[in-house]
Each structure stands twice: as C-alpha cells, then as structure tokens.
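Asks:
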Amino acid sequence: MKFNIFRAPDGVEGGAPAGPPVIAAPPVVHSSGPVGPTKIAARDVSVFYNGKQALYDVSLDIPDKTVTALIGPSGCGKSTFLRTMNRMNDTIPGAKVIGRIEIDGEDINAKAVDPVLLRARVGMVFQKPNPFPKTIFENVAYGPRIHGLATSKSELESVVEASLKRAGLWEEVADRLHSPGTGLSGGQQQRLVIARAIAVEPEVILMDEPCSALDPIATAKIEELIDELRERYCIVIVTHSMAQAARVSQRTSFFHLGRLIETGDTEDIFTNPRERRTLDYITGRFG
Amino acid sequence: MTDATVTPAIRAERLRAGLKRRYAREGRFRLYGLLAIGVAVGFLLLLLGRIIEQGHTAFYTHTVTVPVYMDPARVDRAYPQGTNFELLVAEQQLARLGVVDDAQSSKATEMRGLFSSELKFASAARIQNNPNLIGQTVPIAAPVSDDADLYFKGEVSRATPADQRRLSDEQIAWLDRMKASGLVTAHFNSGLFTRGDSTEPELAGVLGAVVGSALMLLVTAFVAIPLGVGAALYLEEFAPRGRITDLIEVNINNLAAVPSIIYGLLGLALFINWMHLPRASPLVGGLVLALMALPTIIIATRSSLKAVPPSIREAALAMGASKTQTVFHHTLPLAMPGVMTGAIISMAHALGETAPLLLIGMVSFIPGIPHSFGEPTGALPSLIYIWENASERAFHERTAAAILVLLAFMIVMNAAAIFLRRRFERRW
Chain A
1 MKFNIFRAPD
11 GVEGGAPAGP
21 PVIAAPPVVH
31 SSGPVGPTKI
41 AARDVSVFYN
51 GKQALYDVSL
61 DIPDKTVTAL
71 IGPSGCGKST
81 FLRTMNRMND
91 TIPGAKVIGR
101 IEIDGEDINA
111 KAVDPVLLRA
121 RVGMVFQKPN
131 PFPKTIFENV
141 AYGPRIHGLA
151 TSKSELESVV
161 EASLKRAGLW
171 EEVADRLHSP
181 GTGLSGGQQQ
191 RLVIARAIAV
201 EPEVILMDEP
211 CSALDPIATA
221 KIEELIDELR
231 ERYCIVIVTH
241 SMAQAARVSQ
251 RTSFFHLGRL
261 IETGDTEDIF
271 TNPRERRTLD
281 YITGRFG
Chain B
1001 MTDATVTPAI
1011 RAERLRAGLK
1021 RRYAREGRFR
1031 LYGLLAIGVA
1041 VGFLLLLLGR
1051 IIEQGHTAFY
1061 THTVTVPVYM
1071 DPARVDRAYP
1081 QGTNFELLVA
1091 EQQLARLGVV
1101 DDAQSSKATE
1111 MRGLFSSELK
1121 FASAARIQNN
1131 PNLIGQTVPI
1141 AAPVSDDADL
1151 YFKGEVSRAT
1161 PADQRRLSDE
1171 QIAWLDRMKA
1181 SGLVTAHFNS
1191 GLFTRGDSTE
1201 PELAGVLGAV
1211 VGSALMLLVT
1221 AFVAIPLGVG
1231 AALYLEEFAP
1241 RGRITDLIEV
1251 NINNLAAVPS
1261 IIYGLLGLAL
1271 FINWMHLPRA
1281 SPLVGGLVLA
1291 LMALPTIIIA
1301 TRSSLKAVPP
1311 SIREAALAMG
1321 ASKTQTVFHH
1331 TLPLAMPGVM
1341 TGAIISMAHA
1351 LGETAPLLLI
1361 GMVSFIPGIP
1371 HSFGEPTGAL
1381 PSLIYIWENA
1391 SERAFHERTA
1401 AAILVLLAFM
1411 IVMNAAAIFL
1421 RRRFERRW
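Top line first, the protein sequences correspond to chains A and B.
With the working numbering applied, the first sequence corresponds to residues 1 to 287, in that order.
With the working numbering applied, the second sequence corresponds to residues 1001 to 1428, in that order.
1. Among the residues of its own chain, which have a CB less than 7 Å from the CB of residue 230 (chain A), if the five just before and after it don't count?
2. Label residue 1007 (chain B) either buried or exposed according to how many other C-beta atoms from any shown protein chain fall within 10 Å of its C-beta, with 16 as the threshold for buried.
3. Reducing DSSP to helix, strand and coil, say where residue 1137 (chain B) ends up.
4. Cβ closer than 9 Å: which chain B residues qualify as neighbours of residue 120 (chain A)?
5. Closer than 7 Å, CB to CB, is residue 1311 (chain B) near chain A or not?
6. Anything in the segment 1221-1248 of chain B with a Cβ closer than 7 Å to a Cβ of chain A? List those residues in chain order, please.
7. Which residue spans inside the segment 98-141 of chain A form an unbroken beta strand (DSSP E) run of at least 3?
8. My parser needs the alpha helix (DSSP H) runs of 4 or more residues fully inside the segment 1289-1362 of chain B; what are they?
9. Could you give the first and the last residue of the continuous alpha helix (DSSP H) run that contains residue 1085 (chain B)?
10. Can you tell me which of A:38, A:52, A:36 and A:57 puts its alpha carbon nearest to the alpha carbon of residue 46 (chain A)?
11. Taking 8 Å as the cut-off, does the segment 1318-1327 of chain B touch the segment 1367-1378 of chain B (at least 3 CB pairs, one atom from each stretch)?
12. What are the residues of the segment 87-116 of chain A that lie near chain B, defined by any Cβ-Cβ distance shorter than 7 Å?
13. Please confirm whether residue 1401 (chain B) has its beta-carbon closer than 7 Å to some beta-carbon of chain A.
14. To the nearest angstrom, report how far apart residue 1005 (chain B) and residue 1013 (chain B) are at their CA atoms.
15. Comparing C-alpha positions only, which one of A:62, A:53 and A:43 sits nearest to residue 266 (chain A)?
16. Counting along the chain, where does the beta strand (DSSP E) carrying residue 43 (chain A) start and finish?
17. In the DSSP assignment, what are the bridge partners of residue 52 (chain A)?
18. Distance cutoff 7 Å, beta carbons only. Does residue 1269 (chain B) sit that close to anything in chain A?
19. For residue 163 (chain A) versus residue 195 (chain A), is the C-beta distance shorter than 7 Å?
20. Would residue 1315 (chain B) count as contacting chain A if we go by Cβ distances under 7 Å?
21. Looking only at its chain, what residues have a beta carbon closer than 6 Å to the beta carbon of residue 167 (chain A), apart from the 5 residues adjacent to it on each side?
22. Restricting to Cα atoms, I'd like to know which of B:1022, B:1251, B:1369 and B:1144 is closest to residue 1197 (chain B).
23. If I measure Cβ to Cβ from residue 1178 (chain B) and keep anything under 7 Å in the same chain, skipping five residues before and after, which residues do I get?
24. Which residues bound the beta strand (DSSP E) around residue 208 (chain A)?
25. Using DSSP's beta-bridge definition, name the partner residues of residue 1064 (chain B).
26. For the segment 1247-1258 of chain B against the segment 1404-1421 of chain B, are there 3 or more C-beta pairs whose distance is under 8 Å?
27. Between residue 1335 (chain B) and residue 1305 (chain B), which are expected to be in contact by the criterion C-beta below 8 Å, what is the C-beta distance as a whole number of angstroms?
28. Contact criterion: CB-CB distance below 7 Å. Does residue 130 (chain A) meet it with respect to chain B?
29. Going by alpha carbons, who is nearest to residue 1326 (chain B) out of B:1311, B:1107 and B:1133?
30. What's the call for residue 1030 (chain B), buried or exposed, on a 16-neighbour Cβ count within 10 Å?
31. Would you please state the rounded distance, in angstroms, between the beta carbons of residue 129 (chain A) and residue 220 (chain A)? I believe it to be under 8 Å.
32. For residue 269 (chain A), count the other beta carbons within 10 Å of its own beta carbon; 16 or more makes it buried, fewer makes it exposed. Which is it?
33. Going along the chain, which residues of its own chain have a beta-carbon closer than 6 Å to the beta-carbon of residue 254 (chain A), five neighbours each way excluded?
34. Measuring alpha carbon to alpha carbon, tell me which of B:1067, B:1117, B:1058 and B:1087 ends up nearest residue 1200 (chain B).
35. Helix, strand or coil for residue 59 (chain A), going by three-state DSSP, please let me know.
36. So residue 1062 (chain B) packs on residue 1144 (chain B), CB below 8 Å; how close in whole Å?
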C-alpha cells in the first residue's frame, strides 16, 4: 500500500456509524460570551476515506487565542476533523474532504491555497513525539529553513532560542543544542516538537492527543505550556482525557460517530451538558 | 464444562509438563541453528582452505640470472629484437655446464625450455638501450619457465615417471646445478599483480583483469545506483497506486530472478549490435551489470523506504515541507543504510558475475591493461574462467590466486561501502 504508514487516523476503519442510524440533528450550540474573534470557520465538512464517510457535515467556529478541545470516543472523527484544518488528509490516499473551511475568512481548500504554505500557518503536534533524527537545533531550525524565514545564521539562532524558550525547553537543552533530539525524554521531545511547530510563527496549532504518550508530570508541563501558548495562538487539541479538556480548554466540542454533537464553553459542557450522549460520555458511561 | 475435574494439582502438573516440552523444543531449535551455522562455516573454511592451499604457491616465483656474452657475431646491433637470444643463452649455458649438443641442437632446445621468453625481451632491451654492451658479458634476470618454476616449488619431482612430467631428467639436473650455483632466486611474485594476461603462465598477471573489473564496476555503480534509487523513490513515494504500478512492481521482482546470461544476451543485442559500443569494453560490461543490478537495488531501496517510520514523514509534512523536501530531507537519509546495503550486495554480485561477460566478448585473451572505458578488457571472473581452462599446469595455482585476488577485491569494496554506510547511519 502506498504510504501505507500514513494510515487513516485512529478509528477510521470503524469510522462509519455502525450502530443505529443517528439522525442528523444540528449540534447543540451553547450560547457563549465572546471568547475571541472566530479564527477558523468550518461549514458542513464531511470526510470520506475510500468512500466510507468518517465525518458528517461538521460546522464549527473556532475562536482565536483560545484552546478548543475536541473530545469524544475513539473513532468519533475528532482527529479526522483536526486534520482537515491543515489538509493533512491530503496525504492519505483515498481521503476526500468536502465542505468549506475558512481561516480568517479564506477557504483553505481553494485551488489557490498551497498546502505547504497553509501548513506553515497551521502547525501540528502529534500523539507520539516525532522529532527528526537530527540535533535539537536542527529540529527547531527546520521550519524556518525550509520556509526561508531566517536569512542569517544569527537570525536562525535567535529564532531557535526564542522557540525553545517559549516551549519551556530552553533551560533544559541550552547546553546540548547539538545533541540528537531523539535522545530527550518523551515529555521533552513533545515540547521540542512544539518548539519546532512555533518556530515558523504559525497562527494555529493543532494538537492530536499530545499527552497520551506521556507520564503525568510531563503532561502537566505540556498543559502549562498550552495555557501559555493560548495568548498567542489559536489552539485546537484533541484529547481523550476529560480532565485535560476541562483543565486546558475554554471551548469544548463533543463528537460522536462522526458528528459534532455539542459545542460550547468548556465549563458549560462539563457542568450542564444538554445532550444525553454528551452527559453519558463525560460521566464515563461510554467511550 | 469438564473444568470441575481439573484439580489445582493436575493443573500444576500439566503446566510443568508443558513447560518441559517447551524448553526441550527450544533447546532442539537452538541446536539446529548451531548445526546450520557450523555446516555453513565448515564449508566456507573448506572452500577457502582449498583455494589458499592451491593458490598460495602462485604468490612467489623463481628468477634466474644468467651471464650472457653478447656475441658480436650473433647480436644484431641495428635490430636487437631480431636476435635469437634464447638459443644464444641456451648454448652458452650448455657450454658452462660442459654439455655437448648433438647435431639437431636438441639439448639447446631443452635448455631454452627452462627460461621464460622474458629472457629474450630483457636482453634485447638492454642492447637497445646501450649497444656498447655488445661484446661484453651482461647478467640478465628473467623468470624461469613455468615448468622449471613448478619443479623448484616441488610440484614436479624426479620421482614422477619421466613420461608424465614435462621436464626430462637432464633438464632437472641442469636446474639443480643452476640453483646450486646461486643463479636461481625465489621471491615474491610481483609480476602477478603488475602484468596483464599472458599465454605463458610465468608472465601472466591479474592487473588487466583487476583494472577491467574496477572500471566496469565504476560504470555499474554510476548507472545502477542513481537509477535504481531514483526509480525506487518514485515508485514508493510519488507514483499513484494502481494497476500499472502493481504491474511494474511484479515485473521488477521478476527481473531480479532472471538468469544473468539473459542480461548478457540483452547487452549483446542492445549495446553492441544496436548501439555499436565497443565490444568487451568496461563500458558495455558495466552497463550490462548495471541492468542486472537494478532490480536488486530497487527492491532493497523500496523496502528500506517502507521501513522509515511514518511519524517522520508526518512531522515533515505538517511542518510544511513539500513532498520532495520530505523525501530528500528525511525519508531518504533515514533509508540510506538500507539503500547502501542493497547497493553493496548488488555490486558484490556484479563483481563476481561471469555469464553475461561471456556474451559480450570478455572471455577472450586480452593481454593489455585497459586505460579507458572503451578499450577491450578482461575481468577477474572471466580471467579465472580462462585460466581454469588453460592447459598449462602452472595456471592452476594462478587460478586459485586469481580467486583470492577477487575475494580480496570484494572484501576491500565491501569494507569501503560499509564504512560509508556507517557514516549515513542515524537512529530515530
């Protein structure tokens, strides 16, 4: 299989609803106070993998300078939705995205938008820390380098330093910038990957279960970091941990069987869910 | 359910018995493994031992230094090459040993048979360089003939019945006397490494074949590696999946199994008959071997590309690297050790390949040492083939020596490639 390793994100195989047909009801939207201007607007986004529908008509506004959590049981389409926002689904053969996604009002699936440039604006952090098998410095410098953002060595060095500082990793690696990034601990690797993502000054950072491979202490550090990064970026995080969603996010969207069920302020969703399925999920009755 | 009858004691007993069987099975399996390795190593040692035993004598040889009186009546001053130095030397040697020749000069003929033809060329060269030597006695050094060399190495002895050896009793007696008088010296056979092929074993060397093989492999490496890696990269990373790609994949796998002589035929038809490239040249040989090496390199490269963790590709793509950047910055460097391994294996294979060379004219007697890619040349495996078929007995030890040279060539080449691979190796 070509790019067989680029398999569809988790749960896609069983992504199509197998249970009783879900009536396509519009998601419950909590009326919420202003969090920030809308950064990303998704309208009727559906995703198909080899003809199988994994995401059904999702419409969602994601505010800027806010952490938006996508929660839901495995295979609910939250990772799939995340990947539509930087067009990573393009790299999966047989994947088809329909609907409209706008960032700052611009349709990212338009022909004129180059996915390469889009991904410079929308960074992504994966479930498993995936630093390049290069030095710490080279890892962070990679983005600025390929996008031609730093013109001199000193400029590059300062970008690397600033990114590592913002990712809270500088103190730990300042004396070994030229040792391999793969030699760091899991939590450090994940922060390195975040530093790598923010080195190109993206506007949006997508995080796909960034802490699921980490221990609680490393998780706490990443969560702290996410909270700090919120001030500069629009962050969308997919998480399996309800507690994490509650801790780091201001907005939460609940997905189930490929549909967006409920969305609103995190506090509202967790204290006052209006949908039965949301309540069942956040109280641990399924998922 | 019959669970009720299984008491804990019976369960424990069953577990123990099962465990015992399991360990026994594991022990047997290890033994089979050791046996397999033992047999393989045994055969290897046997093979190497046999070759070394046969070939080691080729690495030294004997030279005779004879004082030659440059008889003004016999030596042609204007054209020394035309002088029959062999007869001159033979007669002088006979005279020194006090042997009286018969009317047919049969003794002189026998005496001539003890020296290699190098004696004549060396003498002529001396006169050519300095005609004033005519009339003087000049010591001339030259290899002894192959038969004499074998006698000195103890491979022919007086005990052998006279009709089964190429040296007569008299010749043996002369050789003994020459050796006793200190004219014959044993030394390292440097000629084996500095000369091209020759019909006379004592003057035959492997240099022409070594250079030919090296030039050929250069062509192979420069054609097959970039082409193979490029094809594999395209097929693995860029080509759309589908019937056509599958068909290509199946065909590449089949090509890897095509007998090499078929590639020789293809080379003959394509490169020599159609493109009119010079026959038996390193260029044609290298191209044929490159065709043969391509499938192996493609298969090895593809499988090592497949083995690169997907997370690295995703990371690069998510950073906004283009597909080409992802491939060349990340995937290919990580796959490099595997690519190098494939290249090493196919190059080593190409080095030892003989069958395709048969068809493009490389198994013919080519005494020269090639200086370019277009000259006719031999190659080590074809030289081994030629020498093995030669009737002179002295070629037998040289065949084994040539095999050792081929093995050494392969070891040097592989060591260099492995050194390179180490430098590419990175962990992730």
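Ideal Cβ positions, reconstructed from N, Cα and C, are used throughout, including at glycine.
Computed from a prediction, not measured in an experiment: that's the story for all the values here.
Replies: In short, the structure shows the following:
1. 65, 66 and 67
2. exposed
3. strand
4. 1319 and 1320
5. yes
6. 1241
7. 122-125
8. Segments of the alpha helix (DSSP H) lying fully in the segment 1289-1362 of chain B: 1310-1318, 1323-1326, 1332-1352 and 1355-1359.
9. 1085-1097
10. A:57
11. no
12. Near chain B, meaning a CB-to-CB distance below 7 Å, the residues of the segment 87-116 of chain A are 88, 91, 93 and 116.
13. no
14. 14 Å
15. A:62
16. 38-49
17. DSSP output for residue 52 (chain A) lists A:49 as bridge partner(s).
18. no
19. yes
20. Proximity of residue 1315 (chain B) to chain A, defined by a Cβ-Cβ separation below 7 Å, is satisfied.
21. 191, 194 and 195
22. B:1369
23. Around residue 1178 (chain B): 1064 and 1184.
24. 204-208
25. B:1142 and B:1184
26. Too few Cβ pairs lie closer than 8 Å, so no.
27. 5 Å between Cβ atoms; contact.
28. yes
29. Looking only at B:1311, B:1107 and B:1133, the smallest Cα-Cα distance to residue 1326 (chain B) is reached by B:1311.
30. exposed
31. Residue 129 (chain A) to residue 220 (chain A), Cβ: 16 Å. No contact.
32. Buried.
33. 71, 72, 261, 262 and 278
34. B:1117
35. strand
36. 5 Å
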